[in-house]
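S.K.: Number 260 marks the last residue of the sequence shown (the numbering used here); no jumps.
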Amino acid sequence: MAITLAFDVYGTLIDTHGVVTRLESLIGDKARAFSHTWRDKQVEYAFRRGLMQMYEDFSICIRDSLNYACELHETPMSVRQKQELLDLYRELPVFDDVREGLALLSGASYRLFAFSNGTRDDVNSLLGNADIEDYFLDVISADSVRSFKPNPAVYCHLLRETESAGCDSWLISSNPFDVIGALSAGMRGIWLQRSHDQVFDPWGFKPTIRISSLRELEGQLARFLTHK
């Protein structure tokens, strides 16, 4: 069976801090801290909505966390300014290793999918604006099961939609919680450590492979599959 590679989108392929330049023009030197709060709260709100079974799609988590960041950092914004930032979130840039990393995989017999908490429309917008949509066979969204990663149902949905077995399916993510979620659902997990000071959660799980750049992915996978 062909190997399935499922790529997380936000923070793995897409740089969620790509809004910092626009934020700097709005709020000056608070921009970077604001951006980190905004992103961290998106993930927290998704977790909370999943646990409480009060589902709203990920765009609502993005909107609500933007409002939270404005309150926390005491940076009031107009409705127009907030909408501009939300629109930018559909046009965020990719990290500089993404195109090369995906291109290296494109000549091999892997099946590539984008796999996200985001809605299909939002993810398609991001991939299209970044001009990387052609690398992927499809977009698999947690929105289809009205929950969020790391709910096991989301990973099961991925396996069903891609007609894949867990042992032949790999999640690639910069988010440790996502890698652990995939491993616990019977998949293999590749942790893309995008920051040297990032720590993998000490839950007794270890990523199948650890990389620091998507440029390493094709070579690392080939070595693993050759020697397994």
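Glycine is no exception: its CB is placed at the ideal position from the N, C-alpha and C atoms.
Compute the beta-carbon to beta-carbon distance between F39 and A162, rounded to the nearest angstrom, for a pair I have assumed lies under 8 Å.
M.R.: Within the sequence shown, the letter at position 7 stands for residue 39. Within the sequence shown, the letter at position 130 stands for residue 162. That pair is no contact at about 12 Å.
S.K.: Could you check the C-alpha separation between Y167 and W235 for me, to the nearest Å?
M.R.: Taking the sequence shown and counting its residues from 1, the one referred to as residue 167 is at position 135. Taking the sequence shown and counting its residues from 1, the one referred to as residue 235 is at position 203. One C-alpha to the other measures close to 33 Å.
S.K.: Can you name the residues that DSSP bridges to I241?
M.R.: The sequence position of residue 241 within the sequence shown is 209, counting from 1. According to DSSP, which records beta bridges pairwise, I241 is partnered with I222.
S.K.: Since I believe F90 is in contact with A101 (beta carbons under 8 Å), could you give me their beta-carbon distance rounded to a whole number of angstroms?
M.R.: Start at 1 with the first residue of the sequence shown, and residue 101 comes out as number 69. Start at 1 with the first residue of the sequence shown, and residue 90 comes out as number 58. The Cβ separation is near 16 Å, so there is no contact.
S.K.: Compute the Euclidean distance between the alpha carbons of R54 and L117, then round it to the nearest angstrom.
M.R.: The sequence position of residue 54 within the sequence shown is 22, counting from 1. The sequence position of residue 117 within the sequence shown is 85, counting from 1. In a straight line, the C-alpha of R54 is about 8 Å away from that of L117.
S.K.: How would you call S138, buried or exposed, if buried means at least 16 neighbouring beta carbons within 10 angstroms?
M.R.: For the purposes of this step, residue 138 is identified with residue 106 of the sequence shown, where counting begins at 1. Exposed, since its Cβ has fewer than 16 Cβ neighbours within 10 Å.
S.K.: When DSSP labels each residue in this structure, what does T151 get in the three-state scheme?
M.R.: Here the question's residue 151 lines up with position 119 in the sequence shown. Three-state DSSP puts T151 in coil, outside helix and strand.
S.K.: Taking DSSP as the reference, what is the three-state secondary structure of I46?
M.R.: The residue you call residue 46 lines up with position 14 of the sequence shown. Here I46 sits in strand by DSSP.
S.K.: Under 6 Å: does the beta carbon of V75 sit that close to some heavy atom of the ligand MN?
M.R.: Because no ligand of any kind appears in the structure shown, any question about the ligand MN cannot be addressed here.
S.K.: Closest to R178 by CA distance: which of R255, H68, M84, S157 is it?
M.R.: Reading the sequence shown from its first residue, position 146 is the one you call residue 178. Ranking R255, H68, M84, S157 by Cα distance to R178 puts M84 first.
S.K.: Quick one: what's got a C-beta closer than 7 Å to L158's C-beta in the same chain, skipping five residues either side?
M.R.: The sequence position of residue 158 within the sequence shown is 126, counting from 1. The answer, listed in chain order, is V41, I46, R122, L124.
S.K.: So with Cβ pairs under 7 Å, would you call F232 a contact of chain C?
M.R.: No chain C appears in this structure, which consists of one protein chain only.
S.K.: Name the DSSP beta bridge partners of Y142, please?
M.R.: The residue you call residue 142 lines up with position 110 of the sequence shown. Per DSSP, I35.
S.K.: Could you have a look at V126 and say whether DSSP puts it in helix, strand or coil?
M.R.: Numbered from its first residue, the sequence shown carries residue 126 at position 94. DSSP places V126 in strand when its eight states are reduced to three.
S.K.: Do I243 and Q252 have their C-beta atoms within less than 7 Å of each other?
M.R.: On the sequence shown, position 211 is the one that residue 243 refers to. On the sequence shown, position 220 is the one that residue 252 refers to. Yes. Within cutoff.
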